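So the sequence shown is numbered by numbering that gives the first Met the number 0: it starts at 0 and just counts up by one. In this text, a Cβ means the ideal position worked out from N, Cα and C, and glycines have one as well. From a predicted model like this one, the values you see are computed outputs, not experimental measurements. Here's the structure we're looking at; comments come further down.
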Amino acid sequence: MTAVRRLIIGMTGATGAVYGLRLLQIVRQFSAWETHLIISDAGALNIQHELKMKRKEIAALADVSHDVNDIAASIASGALNTQGMIIAPCSMKTLAGVAHGFADNLITRAADVTLKERRRLVVVPRETPLNLAHIRNMASVTEMGGIIFPPLPAFYGKTKTLPELIDETVGRIVRLFGIETHGLFEPWLGLQDPNE
Numbered sequence: 000m001t002a003v004r005r006l007i008i009g010m011t012g013a014t015g016a017v018y019g020l021r022l023l024q025i026v027r028q029f030s031a032w033e034t035h036l037i038i039s040d041a042g043a044l045n046i047q048h049e050l051k052m053k054r055k056e057i058a059a060l061a062d063v064s065h066d067v068n069d070i071a072a073s074i075a076s077g078a079l080n081t082q083g084m085i086i087a088p089c090s091m092k093t094l095a096g097v098a099h100g101f102a103d104n105l106i107t108r109a110a111d112v113t114l115k116e117r118r119r120l121v122v123v124p125r126e127t128p129l130n131l132a133h134i135r136n137m138a139s140v141t142e143m144g145g146i147i148f149p150p151l152p153a154f155y156g157k158t159k160t161l162p163e164l165i166d167e168t169v170g171r172i173v174r175l176f177g178i179e180t181h182g183l184f185e186p187w188l189g190l191q192d193p194n195e
């Protein structure tokens, strides 16, 4: 029997709720994976605004949904084995909380646990332009072992639609956890010399 592989997904109030939605939809296709979802209050507002969906509709896509204020949840402890965590989208407030170990809710606490247990943390920040505090917080999370993954399109894949750009980003993120999603994006395989 294969052991379950748990992945924590946090959704905050930054723009880009569709990234969290697509992560849940895609990981759901892999039966060996179990998703644990946390949505901040601002994230729920953003989901309603950007996706015209309710919190419970997004939560229904996860295997387990946790209240953002439930600091006693299973994922608040390193004793629960997980493969890591993705925060998508990640607000600058949440980024600052992670960078400074300010575990004031379940998203920042789960991120803190992920880092202390030396598990993979992927942060998908959505802000532009960046001020110096944002950049320093990203550097701090990187120094602690986290991965900063801004959702920037790779135009070499010749994506033509917004859903394709979103899937390219999500496909690359889940690949960091060993989840291969064939068809979501075209990996770079080199460029043929135009003179040949």
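{"Item": "Using the Cα positions of R171 and L23, report the straight-line distance between them to the nearest angstrom.", "Value": "14 Å"}
{"Item": "Could you tell me which residues DSSP pairs with E33 in its beta bridges?", "Value": "R5"}
{"Item": "Could you give the uninterrupted runs of the alpha helix (DSSP H) lying entirely in the segment 94-156, keeping only those of 4 residues or more?", "Value": "105-115 and 131-142"}
{"Item": "Please list, in chain order, all residues of the same chain as I74 whose beta carbon is under 6 Å from its beta carbon, the five residues on each side excluded.", "Value": "I7, H35 and A109"}
{"Item": "Helix or strand or just coil, what does DSSP make of S73?", "Value": "helix"}
{"Item": "To the nearest whole angstrom, what separates the beta carbons of L114 and G145, a pair I think is in contact under 8 Å?", "Value": "6 Å"}
{"Item": "Let me check one thing: in DSSP terms, what residues is M52 bridge-paired to?", "Value": "M52 is not bridged to any residue."}
{"Item": "When the Cα of S21 is compared with those of H48, L164 and L188, which residue comes out closest?", "Value": "Position check: residue 21 holds Arg in this sequence, whereas Ser was assumed. With distances taken between Cα atoms, R21 lies closest to L164."}
{"Item": "Rounded to the nearest angstrom, how far is the Cβ of A138 from that of L105, given a contact under 8 Å?", "Value": "The pair is not a contact, with the Cβ atoms about 25 Å apart (cut-off 8 Å)."}
{"Item": "In the DSSP assignment, find the alpha helix (DSSP H) that holds A16 and state where it starts and stops.", "Value": "A16 to V26"}
{"Item": "Have a look at W32, P186 and T11 and flag the residue whose alpha-carbon is nearest the alpha-carbon of V3.", "Value": "W32"}
{"Item": "I'd like the list of long-range same chain contacts for E116, defined as Cβ closer than 7 Å, with 5 residues on each side in sequence excluded.", "Value": "G77"}
{"Item": "Any contact of the segment 82-100 with the segment 49-67, i.e. 3+ C-beta pairs under 8 Å?", "Value": "no"}
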